[in-house]
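Enquirer:
In this note's numbering, the protein residues as written are 9 to 124.
Dropping the structure here:
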């Protein structure tokens, strides 16, 4: 499995490295895909899938800009700010160089294209 992917957000391209786990493999099986992601809490964008992904939730403690996580088995989340968190997530991967990510995602909804 190649775990490097590309994300295109507002005409900016980012490289991400995905974890080698069942949830990431299920997500990659959907590529290429474009998601309209919702804003939440001024630090993340999320998309809710109808289907469930295999979760292996853990206490993360600290979120970093560029983290890509699975929440509650259905939500794929891209974080664009660093902050402490008491929530449990399954790690999907991270964006290698998240500089400018918050600006690319912008306020409100964001359209994100995922591809291998």
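Don't be surprised by glycine CBs; every beta carbon is placed ideally from N, CA and C. Predicted model, so just to flag it, every value in this text is computed and none were measured.
What runs of the alpha helix (DSSP H), each 4 residues or longer, lie entirely inside the segment 28-89?
Expert: 30-36
Enquirer: Tell me whether the beta-carbon of residue 63 lies closer than 9 Å to the beta-carbon of residue 78.
Expert: It is a contact, given that the beta carbons lie within the stated cut-off.
Enquirer: For the structure I just gave you, are there three or more beta carbon pairs, one from the segment 65-84 and one from the segment 96-108, closer than 8 Å?
Expert: yes
Enquirer: Suppose you measure from the CA of residue 34 to the CA of residue 14; what does that come to, to the nearest Å?
Expert: 16 Å
Enquirer: On the DSSP letters alone, give me the boundaries of the alpha helix (DSSP H) that residue 104 sits inside.
Expert: Looking at the DSSP string, residue 104 is not in any alpha helix (DSSP H), and its letter there is neither H nor E.
Enquirer: Considering only residues of the same chain and omitting the five flanking positions on each side of residue 31, which have a CB-CB separation below 8 Å?
Expert: Within the same chain, and ignoring the five residues on either side of residue 31 in sequence, the residues whose Cβ sits closer than 8 Å to its Cβ are 61, 62, 63, 64, 78, 98, 100.
Enquirer: Buried or exposed: where does residue 91 fall if 16 or more other Cβ atoms within 10 Å of its Cβ makes it buried?
Expert: exposed
Enquirer: Should residue 115 be labelled buried (16 or more other beta-carbon atoms within 10 Å of its own) or exposed?
Expert: exposed
Enquirer: Helix, strand or coil for residue 112 per DSSP?
Expert: helix
Enquirer: Please work out which residues of its chain come closer than 6 Å, Cβ to Cβ, to residue 16, disregarding the five sequence neighbours upstream and downstream, and give them in chain order.
Expert: 121
Enquirer: Within 10 Å of its beta-carbon, does residue 106 have 16 or more other beta-carbons around it, so buried, or fewer, so exposed?
Expert: buried
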